[in-house]
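Using the numbering used here, the first residue of the sequence shown is number 1, and each one after it goes up by one. All residues carry an ideal CB built from backbone N, CA and C; glycine is no exception. As structure tokens, the structure follows; a few thoughts come after it.
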Amino acid sequence: MTDLSALYSAHIAERQRTTAEALAQTGFEALVISSGKAYTHFADDQEAPFHPTPHFAHWCPVAGPHHVLVIRPGRRPKLIRFAPEDFWYEQAPLGNPFWALEFDLEEAGNLDEVWSRVGTLSHAAYIGPETDRAETAGLELNPAPLTAHLDWHRTTKSAYEVQCIEEATVLAAKGHDAARTAFLAGASELEIHHAYVQAVGIVDHEMPYGSIVALNEKGAILHYEGKRKVGNGAVLLIDAGAQVRGYAADITRTVAAPHCDRRFAALIAGMEKIELQLCDMVKPKMPYGDLHHQGHLLIAGLLKESGILHATPEEAVEKGLSRPFFPHGLGHHLGIQVHDVAGRQGTPDGTPAPPPPQHPTLRTTRAIDSDQVFTVEPGLYFIPMLLRPFRENEHKAKFDWALIDELTPCGGIRIEDNLLVTANGHRNLTRPHLPL
Numbered sequence: 001m002t003d004l005s006a007l008y009s010a011h012i013a014e015r016q017r018t019t020a021e022a023l024a025q026t027g028f029e030a031l032v033i034s035s036g037k038a039y040t041h042f043a044d045d046q047e048a049p050f051h052p053t054p055h056f057a058h059w060c061p062v063a064g065p066h067h068v069l070v071i072r073p074g075r076r077p078k079l080i081r082f083a084p085e086d087f088w089y090e091q092a093p094l095g096n097p098f099w100a101l102e103f104d105l106e107e108a109g110n111l112d113e114v115w116s117r118v119g120t121l122s123h124a125a126y127i128g129p130e131t132d133r134a135e136t137a138g139l140e141l142n143p144a145p146l147t148a149h150l151d152w153h154r155t156t157k158s159a160y161e162v163q164c165i166e167e168a169t170v171l172a173a174k175g176h177d178a179a180r181t182a183f184l185a186g187a188s189e190l191e192i193h194h195a196y197v198q199a200v201g202i203v204d205h206e207m208p209y210g211s212i213v214a215l216n217e218k219g220a221i222l223h224y225e226g227k228r229k230v231g232n233g234a235v236l237l238i239d240a241g242a243q244v245r246g247y248a249a250d251i252t253r254t255v256a257a258p259h260c261d262r263r264f265a266a267l268i269a270g271m272e273k274i275e276l277q278l279c280d281m282v283k284p285k286m287p288y289g290d291l292h293h294q295g296h297l298l299i300a301g302l303l304k305e306s307g308i309l310h311a312t313p314e315e316a317v318e319k320g321l322s323r324p325f326f327p328h329g330l331g332h333h334l335g336i337q338v339h340d341v342a343g344r345q346g347t348p349d350g351t352p353a354p355p356p357p358q359h360p361t362l363r364t365t366r367a368i369d370s371d372q373v374f375t376v377e378p379g380l381y382f383i384p385m386l387l388r389p390f391r392e393n394e395h396k397a398k399f400d401w402a403l404i405d406e407l408t409p410c411g412g413i414r415i416e417d418n419l420l421v422t423a424n425g426h427r428n429l430t431r432p433h434l435p436l
């Protein structure tokens, strides 16, 4: 049985250390973070699903808006919990959560009381969306240098954070197993989605991101959001996760039905091998861009082996022939946010590390380091709009257009695991719970 209290205590101690360091380097003496506020849609009274301020969630898993943290180096953090008396919405009692002992905990029944308990602070910064309240309190609003330092430290995951991601993975794996079973039984996209959320035990707004459940050609739409009611698909691409205490798992699988075109099924099997090869390459000090480049070479090799491209992997990558088939980055940092922060940050002070011109969509350009958690998710898609320019340019003879046209109705392939970088290599957080 995992002792969450011990893991969380060590996590908070590290937050105290890194925040004190960030404050010292940016000239502040205190930091105030609010959990955020609810938003309504324009000209409407319907609220959007609430997402907490990520830097608040990095410290505390308490749910809901308007809570405030006051952090001062050398002192216990103060948590002011917003606890209104209300009959419109459920106000769950706090109880005795494992995390509460790490804070000087106070409760306030209204927003004026919350902010009066913040007190008067000198040389203090504020992070969050409740800027009107923070400005009245004399706090500097969302200073970029401080935020950059805090973002940088979020890419190093504590044992507590890894535990949360692994628990989320266990839930997501149950959903993926249920989705695969439903797909092979002939279910529609909507029915597959329902099977997923039922197995995980959540409703849609509790997912860390909207699920992608794509049959056949819809798998070539990278962020497909539809849930068609037509079933009996030949190919399923499902990208869906879960979250625990604010931390996400992000998993993608592509499955071929027995009646799938055997050539496309072979591509799925090839991409499965490529994804595992790329995972095996992960180790500290390796630039993530180099891993992405290796992904292009391996996918170009599969395209050549399958007869889709008539070029060596090196030629295909150099001339951009693999890019229309694999147009996105290989992965991204993962944590409180699914696309977690600081992937393109070169230094703690926020100096940018932009992607290379040949790979403009790469979300992670940093060197790989111990205790990072990120995704590895190579893809191979048949996207007509991206392939169209190559039909008439100087490279058109490098493509087997008849074969491409025959495989285009199958859509696309993506395989995605979540990896924890260790001192000597990595640990795949996904495969123990979802081997296929």
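The alpha-carbon of Lys396 is positioned some 24 Å away from that of Thr361. With contact defined as three or more Cβ pairs closer than 8 Å, the region 213-230 and the region 377-393 are in contact. Annotation: the continuous beta strand (DSSP E) that includes Leu215 extends over 212-215. Within the region 391-419, the runs of alpha helix (DSSP H) at least 4 residues long that lie entirely inside it are, in chain order, 401-407. Listed as beta-bridge partners of Phe374 by DSSP are His333, Leu419. DSSP places Asp132 in no beta strand (DSSP E) but in the uninterrupted alpha helix (DSSP H) bounded by 131-136. Per the coordinates, the alpha-carbon of Ala148 lies some 11 Å from the alpha-carbon of Thr155.
The continuous beta strand (DSSP E) containing Thr252 extends over residues 247-256. Thr254 sits buried, since 16 or more C-beta atoms from the chains shown fall within 10 Å of its C-beta. Val341: not part of any beta strand (DSSP E); DSSP gives it neither H nor E. The beta carbons of Tyr196 and Ala178 sit about 6 Å from each other, so the pair counts as a contact at 8 Å. Here Asn216 really is in contact with Pro409; their C-beta atoms are around 6 Å apart, less than 8 Å. Uninterrupted beta strand (DSSP E) stretches at least 3 residues long and entirely within the region 18-61 occur at 30-34, given in chain order. With 16 or more other CB atoms across the displayed protein chains lying within 10 angstroms of its CB, Lys304 is buried. Here Thr365 is actually not in contact with Gly331; their C-beta atoms are around 12 Å apart, not less than 8 Å. A straight-line Cα-Cα distance of about 40 Å links His359 and Ala134. In chain order, His293, His296, Leu297, Ala300 place their CB closer than 8 Å to the CB of Val317, counting only its own chain and leaving out the 5 sequence neighbours on each side.
The alpha carbon of Val70 has as its nearest neighbour, out of Ala63, Leu121, Glu85, the alpha carbon of Leu121. Distance from the CA atom of Phe42 to the CA atom of Ile274, rounded to whole angstroms, is 45 Å.
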